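Protein chains in written order, with the working numbering: chain A, 1 to 249; chain B, 1001 to 1249; chain C, 2001 to 2249; chain D, 3001 to 3249; chain E, 4001 to 4249; chain F, 5001 to 5249.
Listed below in structure tokens is the structure:
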């Protein structure tokens, strides 16, 4: 699996016209009492690396190092290392612009943290207006059969039990809070609702994690990996005309 | 229906603690050869005003004038009047901040243009971190039973035939283009895909509008109006603790 | 009167080379106890629409929807919906840039709110350095025989009694304050003087409105309308060389 | 005359509560073939220093060093050293903020360059919203009996013949250009009109300078100096309540 | 070695008052034909992890994940993934601010890339003005007995042969260029000199790497590790008063 | 000595292709109880003007007016007039950009204030990436045999006694503070260390100035002048290929 960080610059430039550059983005933020700060980054990387292994080099992908920090202002009450929305927009714009200048015409961003989602989508839209490229973006839980990932609950805890079991502590029961948090179950379908102080009020997770198991996690991870591999293949195929052999570039 | 633009400032301040401030946002951009530039603004306002009429003042809503310009950089090839992403973010941040300072603790944003969607969601998230408020945001087609609105196709043309029939010209057939545009049908479920020059290449609409009728439009509009009315009621009820009588404020 | 919001994009592009794009800008801010929040926007639109009607299509003007929000930080104490100076600069820069890209080479901005004045003038200066265009800008009270509009006093109240009589409440007498506000009567001719907290201290208006009448307002409005019509004609004539027939564009 | 640059910080802090801080701002830009780049800065300083001498220390003024660079984008075709509008706004905001933190509650800005005018007025308005201060701003030609200063024409050349005779070269006749420039004589009273490339087209000056004399300049300078002295006195008197003895501060 | 990414948020908050937060920053940029893109990041991490191991937990350090991207605009000609100066400033400001909010009062930044140096120093200066913290910053080659690291030459190649031997390709001889590059040997001691297009002109490295050996690299690495360990100890001791036990915080 | 402020624009443009533009930058900030606010600006100008006199016109230099304000946020507690880092970056970027547009291909910045150092170096690096120019930057104490200038201590006081004796008051003894300030003597060589509130705590100077004499100052000044003259000559010679006769430009 070609990793940009291990390649020389000539290898990168040689790969750029035909390869897809893939950027994982994550976060460092609270994940309740039982999951580590880097959970979102680790899971994005686990899904990405699984998918790339499954693809076996076809299509050709150059994987960038993950951006370990994300947009987590709602978790600053609890030790997050957070980039502001403007900063994350600037980082993504600069990275996409750099890749375009290096000769890449196809870029794929895989996100592991809900708070990055809108910013990532905006970033690929912006860059597609500036340069003659094709870009894809997804949050790893939302492709194929989309999952509701929650935060530090059953979904993420199961995945971490499969991907990084030594970093998972025993989850405690999730406290009941009244009124229930709005980000979790919006009061009407399709509505985004935000309320001040919600995360601190509910103790940092969206749902109970005590039923999480490594088996469930392995199954979830396998489906995510398969979906991402399929999505990369589909993107490669739909944007074939954006790949060039070096001679044409 | 209390409209902020027609109220005196003392009326606004008196209403602010208990009322919901509602801001429609739209765009001025190409809508193929048969719909007017202001389509998105007009439809957002039609749905908003229909819902407010249906609610009959319960819950109390103060309606702001619609922002007539949106984020339409992908339509600048065709006479859009577009705000950059940074500018629209700044406008929404300033408007929300103003409303907070005026004493509103509940704000509802209704969007009529796809390109505004991420920016609107970011804006309400940002503001919910700054002030002790509750905010809701939706694109009018995405609430209740969500619709795929397309652009200048069957959905919007039908709605305009119901809402503003005198502004609809005869739609021509939509040209076939190869390869098909990616924004329309992403190559894998859940993937956002952007490609340079896509809108110019496909001629400005996502699907054929020739089957649009005023009847279909009236039905669609009625469902949207009902859904928004229900969503406002649900938001009001779920955030009741954020409403204050003036004495408490 | 061609309104951009009602035109299709092809109609806009066809008109752009020879027409003047006209943008009204206003505000939503306190106007004492008797005038509505949208006073400045309504008056800018009343003068603009009166002038366009009087011109009868010669010269050709494409009227944009009014920007309903302006720069009113000095009225945030009283329920204004205000854009910061930087935000309003960005909005105007984006709108002018969009119009230039759409093919307009002549733009005319008409302002209804004192706080927008410097920002509007800066915006047209900036854009005239970027693109081969001619731009005009004015506050509606300052053209022809310039008036001192005050704020929520005799001038604006009379105009509103003529333009929107149903929205005018009974004005109370203006409180005497000591020392008198500096924005009103600068201590030396030609000096701009600003003092912290001045608007809150004086109760929100610059002069007494109790003598306002609809007759006086109708006369003022008629003169403003005539002056703006003459100014548009003069601008069109002085910048004739910037108008192109579509063939030349 | 107390100059901030020559005072120790304790002297500055001791003066701040009761003194007026005075900031001259200028430019470095083309002034046709006969006047130096620094004309605007030199004239602002000449008027300021003349007025301060005439005032003889009453009211107390702390003079800052002049900002030698201004906003001159329209003269970049001809060797200007120009700050962008955003940069000049930031400089003025930072300087005003610094003065406020140093204990000054009254600030007076004197401008020597037309292109700085709106930005200076915006800056004092912004700062008066942030801190409990009183601020005045003027362009030196616009106070008292206002003059139309033109650019590198009769007015400025006469003043320079009085203030810096050794730096004035022989002015050539001003070329006739058709159509006449719009910034000079707007086509309708009260209209700001800007046209692309105007300054380069007219050769850099607004009117003929050949009739300029040192006598006329000495008279103009004397009237400007008297007006500024009177304006400072009037501002000091109108804002007396913002001056504090050190004990109160 | 406590790594933030593997800790729960409660562990981070418990450590914050007394521990030093340590952030490595690197780059992804050309390193001639024989070193990988991630060289600077890898070397910063190698020195940091060596030093932390040597310190054995005294003083207590919480290590953040390395920022894998840096400010490399001068290498964009050769496939760098670069953040602009403004973006890197924003990232560092946000990370430092997050750490301060999490309760850290001591932060140490270790840099692996010359282009980040000024920005890193600015960032710690800025943050020390905002919050009651103590901060240290260094480029790993500049502490203790400072080395001139060059770029992709003898120094870095030797270090990489010791730290990541499998990623080092055979270096070719460095081309002679006339005139010699200025960044390398400034024409006068103490002068920073920059010339357009210099890096592309000289082929991407500052000096010949063919004499590099793993032995030399191991010795250099050992000295860097020892120096950083000593620097961390010295910083901890000099800022002891900024460490708090949790009870005091 | 050609000073930009005294030249006409045609003289500037004629000189630009072959001359070096030289910009001094300083500050207005506390210098303990005995030196004036403008010390850094005055010393930068004294060294620059001495060096230009010594060079006698060879190489050709166009001297700009000094920027009298610098980045002094750490002295805002004591009456500094400070530009933020972002503002100073913008000012330098705009000035360098203006000079490039005027035809200069060689620029030399001489700094008199420690707090400007990183920002100045960043600015020349940024501009060398944008335009085909060569730039030099130095702080006047750091060239040739570098000195540790301290702040308001022996070095600066001696220089001021030589350059501006009438502005130097009697220095008092420097107070002992415990712990000693970190900016002064970093706890480990090569480490930048910043601590909140340090300057206010130590009373505004880095070392005792009571031993300063005019003789020592004259000697220091002479060496600085000689070093800067040599540095300018060396830069001119090393960048000869960037100088153009007007015909080539």
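Note that beta-carbon positions come from the ideal geometry of N, C-alpha and C, so glycine has one too. No experiment lies behind these values; they were computed from the predicted model shown.
Using a C-beta cut-off of 8 Å, the region 5016-5033 of chain F makes contact with the region 5098-5111 of chain F, since at least three inter-stretch Cβ pairs fall below that distance. The contact set of residue 164(A) on chain B, defined by CB atoms closer than 9 Å, is empty, because the minimum CB distance reaches about 24 Å. Take residue 4050(E), set aside five residues on each side of it, and the residues of its chain with a beta-carbon closer than 6 Å to its own are 4225, in chain order. As summarised for the region 5111-5190 of chain F, the continuous beta strand (DSSP E) elements at least 3 residues long and confined to that stretch are 5134-5139, given in chain order. Just measuring C-alpha positions, the residue of 1132(B), 1032(B) and 1074(B) sitting nearest residue 1116(B) is 1074(B).
Chain-order list of chain F residues neighbouring residue 4075(E): empty, with the shortest C-beta distance near 10 Å, by a criterion of under 7 Å. Distances from the alpha-carbon of residue 1163(B) to those of 1041(B), 1172(B), 1132(B) and 1069(B) put 1041(B) closest.
Within the region 3037-3059 of chain D, 3037, 3038, 3041 and 3042 place their CB atoms closer than 8 Å to a CB of chain F, listed in sequence order. Note that the C-beta distance between residue 2119(C) and residue 3083(D) is not below 8 Å. In this structure, the CA atom of residue 2088(C) is about 20 Å from the CA atom of residue 1004(B).
Between residue 3106(D) and residue 3213(D), the CB-CB gap reaches or exceeds 8 Å. Interface residue (Cβ-Cβ distance to chain D less than 8 Å): residue 5126(F) is not classified as such.
Beta bridge pairing from DSSP links residue 5108(F) with 5022(F) and 5136(F). Comparing C-alpha distances from residue 4056(E) to each of 4232(E), 4017(E) and 4218(E) shows the shortest one belongs to 4232(E). Residue contact check for residue 151(A) against chain E: no CB pair falls below 8 Å. Contact check for residue 124(A) against residue 1192(B) passes: the beta carbons are separated by less than 8 Å.
In this structure, residue 4065(E) places its C-beta atom within 8 Å of the C-beta atom of residue 68(A).
Only those residues of the region 3163-3195 of chain D whose C-beta falls short of 7 Å from the nearest C-beta of chain F are listed: 3167 and 3169. Rounded to whole angstroms, the gap between the alpha carbons of residue 102(A) and residue 2043(C) is 54 Å. CA-to-CA, the gap between residue 5016(F) and residue 3114(D) works out to about 26 Å. Residue 2091(C) belongs to the set of residues whose beta carbon lies under 8 Å from a beta carbon in chain B. Within its own chain, the residues whose Cβ lies closer than 6 Å to the Cβ of residue 1021(B), once the five positions on either side in sequence are excluded, are 1062, 1099, 1104 and 1107, listed in chain order. Under the three-state reduction of DSSP, residue 5084(F) is assigned to coil, being neither helix nor strand.
For residue 50(A), the secondary structure class from DSSP, reduced to helix, strand or coil, is helix. The C-beta of residue 5121(F) comes closer than 8 Å to at least one C-beta of chain E. Around the Cβ of residue 4220(E), a 10 Å sphere holds 16 or more other Cβ atoms; the residue is buried. Secondary structure of residue 1089(B) (DSSP, three-state): helix. When secondary structure is reduced to three states using DSSP, residue 1029(B) falls in the coil class, being assigned neither helix nor strand. For residue 5011(F), the enclosing alpha helix (DSSP H) covers residues 5009-5015. Within the region 5202-5226 of chain F, no residue places its CB atom closer than 8 Å to a CB of chain E. In the three-state scheme derived from DSSP, where H, G and I count as helix and E and B as strand, residue 35(A) is classed as strand. Residue pairing by DSSP places residue 5070(F) opposite 5082(F) in a beta bridge.
Close to residue 2146(C), with beta-carbon spacing below 7 Å, are these residues of chain D in chain order: 3190.
Per DSSP, reduced to three states, the secondary structure at residue 1058(B) is coil, with no helix or strand assignment.
Just so you know, the alpha carbons of residue 5135(F) and residue 4194(E) end up roughly 5 Å apart.
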